[in-house]
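**Q** Just dropping this structure here.
This is how it looks when you write it as structure tokens:
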């Protein structure tokens, strides 16, 4: 049923109720039994135990468990325990950081009113809100939370804050008039919606929907239906783990068969060799490194005001290609500000933003003294007198005013002009008030003006209505048309326009004001953040599209968009979306950056369509209405200061400052995080391949193994703990924010990375085998030759670390040791560990090693330098082909 289109008689018939006496007590009880309580259904959620168990269902965790099993097979209990600890730490971090999205529905449920005032059988009573049924006559007054969706049947001066539902902060005036069928949700002024708050006035309304059938309930249902999304990182890791597992099984099986069939090797020795290949190939340090990279990214983002709720979301930000952003409070300040005062004497420009009194009044760009502008003084005093707001000193995060934001803007205007509001109200004591009602579209106040005529009346409201009242009082048609033209000009620039008029005669009733004349038009805006404009420009340079989606009026949204550098010429309106199929809607999205009057269903549809088109989507929001789209987006971004709990619980990222530029900074950090993950892969995978290749190559030849499985584990452990960790703290490379976003389906193992893997892995196999054979040829023992081979691997990896610091830029610069102190500390730690490995007697006993001569070290370092230069040459070749990343 389309409730806002029904007149009172039809409403009574459809709901089988009476708009004066409400339902009978027995009928209400019967309906409660039939329809159920006015409450949102409890959705399914995972227990804490299941959330913890789910942390082990990760591809790389499986790889880690395989590594632990392998080390146990080698009776290396210490390393098995270390790997097990890594698995546990990963699980604990995931348990703490993830699994909170289910609480979004709980936050929505918390918006339901606990008590409701209802009229039943003609008697007014207070009941639990859960007992409300369709047809109940409810009574709402200032401060009441609306307990169910209801149709207004009578009201006096009612305005409702619907920010939690529509996202717009300006209270909505309510009426009981019949409205057209196609009226958007935000403009259904005869409807009250669950979870919104009555700002002023008194209303009687008939309940039309309860529980899950309310607008709030439908939003909760959408949130519950949106499944948890996998991130690009988890998708890539899943594919990577699948490929590497198959590769290890395949290579291990082939090596075992080759050793048995070709070289008839001892089965136990062959098994240990294959285990060595597996130990070398499994990147057991990678999950821990990934967790640390993401955790560092989380910390750095938090310092910029962006709180990450799920670790993988850090990396996801780096691949965002489309940002759907709310307008109010994100791109704008969410502080209504007077910017124009138009009088018969001319137009006054007002500077300053928000509710702080910093700013000045100007005419033609020059500051003015208000005392010299009589009509300006009169207009400002009128704005103070015909006003329902009250300014107060700001304490902590408390608002600076109480009441309507538009009224507060008029009080701040007075402060900027040097007029003290309390002084004005003291000079002109209030006698009577005609409150604002949506039917009237104006409010009026009568004041004692003993110093002049004895009384002063002020009228403030919609320009067309105030002009009409002035015409009734004798204002000429030409003057009325002039004020109408001025009003339209202000509105065309995205202003909310308020007309102020005054009379020296007392009013006659509530709508006749003899002697009324128009004093001024006031233009009010929610100003755009200048920092947001620069951030949007930075996003464009980074290949990221930015689109505004708002519940505000289309003209206002388009003007703000233009001021921010967005395309607002052909805005898309929510009512238009309903009549477009998916292909048509995608085409329209491509033509504009502004979507106005959007419902929660529209937002969710826009997100899913954008994802289907290949975009990695970020969606911002602050209200309950945003929760479904926030959860469906690849990155849901909620406002921390002015957002609802429902929005925050559905999000991946919470902005503590509610600023769009913080999103842009978070995208930069996300790109750096992914670059560092790629660099860790560029380091770990080629070196692991080199280690595994050394054993595999020896098996193919039937030769003595240059390195044992236990020694391989040593190399993996010290290089992962020291060298690979150094890359975690790498700063961003130049040009990070001028690259296009990564494709949504791009694999971790790109063609360029695979080429590097084979190239560097081959170099390490060759150099390690060469050093091992050279040592045997000069008469060294097998233990000494293996020690030299292990040292060749370690030193080669140390030099390769500096290759990896930059994808394709030269490493032979003065910056090689700058920007990351860990590049000094980790090589020092590695060399200390390796010295113990070579020269410590107890380490010699554990790993079967022996000391090396200085000549051997010089040869090892010389070969490592050659490897370093060859990789630099490969980077030069890639750079000449325009490659800047892997």
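In this note's numbering, the protein residues as written are 990 to 1875. Idealized CB from N, CA, C, for every residue including glycine.
So, residue 1750 versus residue 1675, is the Cβ gap smaller than 8 angstroms?
**A** Here residue 1750 refers to the residue found at position 761 of the chain shown. Here residue 1675 refers to the residue found at position 686 of the chain shown. Closer than 8 angstroms, so yes.
**Q** Identify the residues that DSSP records as bridge partners of residue 1332: which are they?
**A** On the chain shown, position 343 is the one that residue 1332 refers to. Paired residues: 1335.
**Q** Tell me residue 1390's beta-bridge partners as DSSP assigns them.
**A** Residue mapping note: residue 1390 aligns to position 401 of the chain shown, counting from 1. Paired residue(s): 1380.
**Q** Which word fits residue 1804, buried or exposed, when buried means at least 16 other C-beta atoms lie within 10 angstroms of its C-beta?
**A** Numbered from its first residue, the chain shown carries residue 1804 at position 815. Exposed, since its Cβ has fewer than 16 Cβ neighbours within 10 Å.
**Q** With a 10 Å radius around its C-beta and 16 neighbouring C-beta atoms as the bar for buried, classify residue 1179 as buried or exposed.
**A** Numbered from its first residue, the chain shown carries residue 1179 at position 190. Label assigned to residue 1179: buried.
**Q** Counting only the same chain and skipping the five closest in sequence on each side, list residues whose C-beta sits under 6 angstroms from that of residue 1681.
**A** For the purposes of this step, residue 1681 is identified with residue 692 of the chain shown, where counting begins at 1. Only residues of its own chain outside the window of five on either side were considered, and among them 1266, 1269, 1270 have a CB closer than 6 angstroms to the CB of residue 1681, listed in chain order.
**Q** Got a sec, what are the start and stop residues for the beta strand (DSSP E) residue 1447 sits in?
**A** Sequence index remark: in the chain shown, residue 1447 carries index 458 (1-based). Looking at the DSSP string, the run of the beta strand (DSSP E) that includes residue 1447 is 1443-1450.
**Q** Rounding to the nearest angstrom, what Cα-Cα distance links residue 1208 and residue 1182 in this structure?
**A** Residue 1208 sits at position 219 when you count from the first residue of the chain shown. Residue 1182 sits at position 193 when you count from the first residue of the chain shown. Roughly 12 angstroms separates the two Cα atoms.
**Q** Helix, strand or coil: which one does DSSP assign to residue 1425?
**A** Translated into the one-based positions of the chain shown, residue 1425 becomes position 436. Here residue 1425 sits in strand by DSSP.
**Q** Specify the secondary structure class of residue 1087 as computed by DSSP and reduced to three states.
**A** Taking the chain shown and counting its residues from 1, the one referred to as residue 1087 is at position 98. Confidence at residue 1087 is low in this model, with a pLDDT of 48, below 50, so the placement of that residue is unreliable and no value is reported for it.
**Q** Which ranges does the alpha helix (DSSP H) cover as unbroken runs of at least 4 residues, wholly within the stretch 1778-1827, from first to last along the chain?
**A** none
**Q** Figure out for me which residue from 1314, 1678, 1542, 1800 has the closest Cα to the Cα of residue 1524.
**A** As a first step, residue 1524 is located in the chain shown; it is residue number 535 there, counting from the start. That would be 1314, whose Cα lies nearest to the Cα of residue 1524.
**Q** What did DSSP end up calling residue 1632 once you bin it into helix, strand or coil?
**A** Residue mapping note: residue 1632 aligns to position 643 of the chain shown, counting from 1. Here residue 1632 sits in coil by DSSP.
**Q** Taking 7 angstroms as the limit between beta carbons, can you name the residues of its chain near residue 997, skipping five residues before and five after?
**A** Sequence index remark: in the chain shown, residue 997 carries index 8 (1-based). 1008, 1142.
**Q** At the level of alpha carbons, what is the spacing between residue 1839 and residue 1699?
**A** For the purposes of this step, residue 1839 is identified with residue 850 of the chain shown, where counting begins at 1. For the purposes of this step, residue 1699 is identified with residue 710 of the chain shown, where counting begins at 1. If you take the alpha carbons of residue 1839 and residue 1699, they lie about 15 angstroms apart.
**Q** Cβ of residue 1556 within 8 angstroms of Cβ of residue 1569?
**A** Against the chain shown, residue 1556 aligns to sequence position 567. Against the chain shown, residue 1569 aligns to sequence position 580. No, they are not a contact pair.
**Q** Rounded to the nearest angstrom, what separates residue 1697 and residue 1262 at their Cα positions?
**A** As a first step, residue 1697 must be located in the chain shown, where it is residue number 708. As a first step, residue 1262 must be located in the chain shown, where it is residue number 273. Taking the straight line from one Cα to the other gives about 7 angstroms.
**Q** Measuring only the C-alpha atoms, how far is residue 1500 from residue 1365?
**A** Taking the chain shown and counting its residues from 1, one reaches residue 1500 at position 511. Taking the chain shown and counting its residues from 1, one reaches residue 1365 at position 376. Distance between the alpha carbons of residue 1500 and residue 1365 is about 26 angstroms.
**Q** Measure the beta-carbon distance from residue 1164 to residue 1317 and round it to whole angstroms, keeping in mind my assumption that it falls under 8 angstroms.
**A** The residue labelled residue 1164 in the question sits at position 175 within the chain shown. The residue labelled residue 1317 in the question sits at position 328 within the chain shown. Between residue 1317 and residue 1164 the Cβ distance is about 23 angstroms, and since that is not below 8 angstroms, they are no contact.
**Q** What residue from 1425, 1685, 1167 has the CA that sits closest to residue 1237's CA?
**A** The residue labelled residue 1237 in the question sits at position 248 within the chain shown. Of the candidates 1425, 1685, 1167, the one whose C-alpha sits nearest the C-alpha of residue 1237 is 1685.
**Q** Sorted by chain position, which residues of the same chain lie with C-beta nearer than 8 angstroms to residue 1022's C-beta, five sequence neighbours on each side aside?
**A** Numbered from its first residue, the chain shown carries residue 1022 at position 33. Cβ neighbours of residue 1022 beyond the five flanking positions: none.
**Q** Between 1518, 1545, 1659, 1416, which has its C-alpha nearest residue 1646's C-alpha?
**A** Within the chain shown, the letter at position 657 stands for residue 1646. That would be 1518, whose Cα lies nearest to the Cα of residue 1646.
**Q** Taking only runs that begin and end inside the stretch 1244-1313, name each unbroken alpha helix (DSSP H) of 4 or more residues, in chain order.
**A** Those alpha helix (DSSP H) runs which fall completely within the stretch 1244-1313 and span 4+ residues are 1256-1270, 1275-1292, 1301-1306.
**Q** Where do the N-terminal and C-terminal ends of the alpha helix (DSSP H) with residue 1677 fall, by residue?
**A** Counting from one through the chain shown, the residue named residue 1677 turns up at place 688. Start and end: 1649-1690.
**Q** What is the residue span of the beta strand (DSSP E) that residue 1106 lies within?
**A** Along the chain shown, read from residue 1 onward, the residue named residue 1106 stands at position 117. Here the beta strand (DSSP E) through residue 1106 covers 1104-1109.
**Q** Please specify which runs of the alpha helix (DSSP H), each continuous and at least 4 residues long, are wholly inside the stretch 1116-1173, giving them in chain order.
**A** 1152-1155
**Q** Along the alpha helix (DSSP H) that carries residue 1833, what are the first and last residues, could you check?
**A** Translated into the one-based positions of the chain shown, residue 1833 becomes position 844. 1830-1836 is the extent of the alpha helix (DSSP H) around residue 1833.
**Q** On the CB-based measure, 16 or more other CB atoms within 10 Å of its CB, does residue 1807 come out buried or exposed?
**A** Counted from its first residue, the chain shown places residue 1807 at position 818. By the 10 Å Cβ count, residue 1807 comes out exposed.
**Q** Terminal residues of the continuous alpha helix (DSSP H) containing residue 1888?
**A** Past the boundaries of the shown model lies residue 1888; the chain is included only from 990 to 1875, so the question cannot be answered.
**Q** Which of helix, strand or coil does DSSP assign to residue 1073?
**A** Counting from one through the chain shown, the residue named residue 1073 turns up at place 84. Helix, per DSSP.
**Q** Taking just the CA atoms, how far does residue 1447 sit from residue 1116?
**A** The residue given as residue 1116 occupies position 127 in the chain shown. The residue given as residue 1447 occupies position 458 in the chain shown. In a straight line, the C-alpha of residue 1116 is about 41 angstroms away from that of residue 1447.
**Q** What separation, rounded to the nearest whole angstrom, lies between the Cα atoms of residue 1554 and residue 1820?
**A** Here the question's residue 1554 lines up with position 565 in the chain shown. Here the question's residue 1820 lines up with position 831 in the chain shown. If I take the Cα positions, the gap works out to 54 angstroms.
**Q** Using the Cβ count rule (16 or more neighbours within 10 Å means buried), how would you classify residue 1425?
**A** Translated into the one-based positions of the chain shown, residue 1425 becomes position 436. Its Cβ being crowded by 16 or more others within 10 Å, residue 1425 is buried.
**Q** Are residue 1753 and residue 1787 touching if we call contact CB-CB under 8 angstroms?
**A** As a position in the chain shown, residue 1753 is number 764, starting the count at 1. As a position in the chain shown, residue 1787 is number 798, starting the count at 1. Contact: no.
**Q** Please report the residue range of the beta strand (DSSP E) in which residue 1435 lies.
**A** Within the chain shown, numbered from 1, the residue matching residue 1435 stands at position 446. Segment 1431-1438, the beta strand (DSSP E) holding residue 1435.
**Q** Could you tell me if residue 1409 is buried or exposed, where buried requires 16 or more neighbouring beta carbons within 10 angstroms of its beta carbon?
**A** Looking up residue 1409 in the chain shown gives position 420. By the 10 Å Cβ count, residue 1409 comes out exposed.
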